[in-house]
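Quick note: the sequence shown, position 85, residue 85 per the UniProt record's numbering, numbers continuous.
Taking it in order: structure first as structure tokens, then the write-up.
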Amino acid sequence: MTKKNKVAGILSVILLIVFIISLITMLVTGLVALFMFIAVPVGGFFDGLLDGFRSDSDSDYTMGEFVEITMAFITATMFVVVSSRLMEVLRTISAGTPFEAENADRFKRIAKVIFFAELAKLAIVPIAFLWAVLFGVEYGDGGGLSIDLTNWLGAAVALVLAEVFREGARLQEEQEFTV
């Protein structure tokens, strides 16, 4: 195993850990978001039913908290997809064939996932606010609109890497035919 392959192997292990943690986070936050999606609008209905079972009545969820959990779910889902695609890229690097057309497609998918995840995080805030207004639910302090420029930059870098890998694959294919 060359030095390059050792680095790829170490990065693969790190990405596997990130993938597993992100997958667990995605599942947990997805279930919590689903519960909150149902519990927040119909909370008033269940308040009377659950009064005997709850110790305090201040444990109601706000739409702002729902937004924060949903954003965490979207981010975890993004991490699952991105880490799995990067592990595939590292497998080709370990195999000694990094400049494959599939790697360019993988980086393009990474950019799309980041882009759409950030759009979804931007869209969830006004949708949740409208949902809160329609159902007369408190929005709360959390779940404000925020733009993460780091992720947008990550999407741009992934697009650049897609083009680099596409050009590398083209040059490698050209070089193989000239020999």
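Yeah, the Cβ is synthetic: ideal placement off N, Cα and C, and Gly gets one too.
Predicted model, so just to flag it, every value in this text is computed and none were measured.
Residue range of the alpha helix (DSSP H) that includes residue i
{"i": "Gly64", "result": "63 to 94"}
{"i": "residue 180", "result": "No answer is possible for residue 180: the residues shown for the chain start at 1 and end at 179."}
{"i": "Val125", "result": "101 to 135"}
C-beta atoms of residue i and residue j nearer than 7 Å
{"i": "Ala76", "j": "Arg166", "result": "no"}
{"i": "Thr62", "j": "Ala33", "result": "no"}
{"i": "Leu15", "j": "Ser83", "result": "yes"}
{"i": "residue 181", "j": "Phe66", "result": "Because the chain here runs from 1 to 179, residue 181 falls outside it and cannot be looked at."}
{"i": "Met78", "j": "Ala111", "result": "no"}
{"i": "Leu90", "j": "Ala8", "result": "yes"}
{"i": "Gly64", "j": "Asp141", "result": "yes"}
{"i": "Met87", "j": "Ser22", "result": "no"}
{"i": "Gly30", "j": "Phe73", "result": "yes"}
{"i": "Val81", "j": "Val113", "result": "yes"}
Residue i CB to nearest heavy atom of the ligand GTP below 6 Å
{"i": "Gly154", "result": "Here there are no bound small molecules, and the ligand GTP is not part of this structure."}
- Message: Tell me whether the stretch 149 to 165 and the stretch 97 to 112 touch, counting them as touching only if at least three CB pairs, one residue from each stretch, are closer than 8 Å.
- Response: yes
- Query: Can we say the stretch 91 to 102 touches the stretch 113 to 133, given the rule of at least three CB pairs closer than 8 Å?
  - Reply: no
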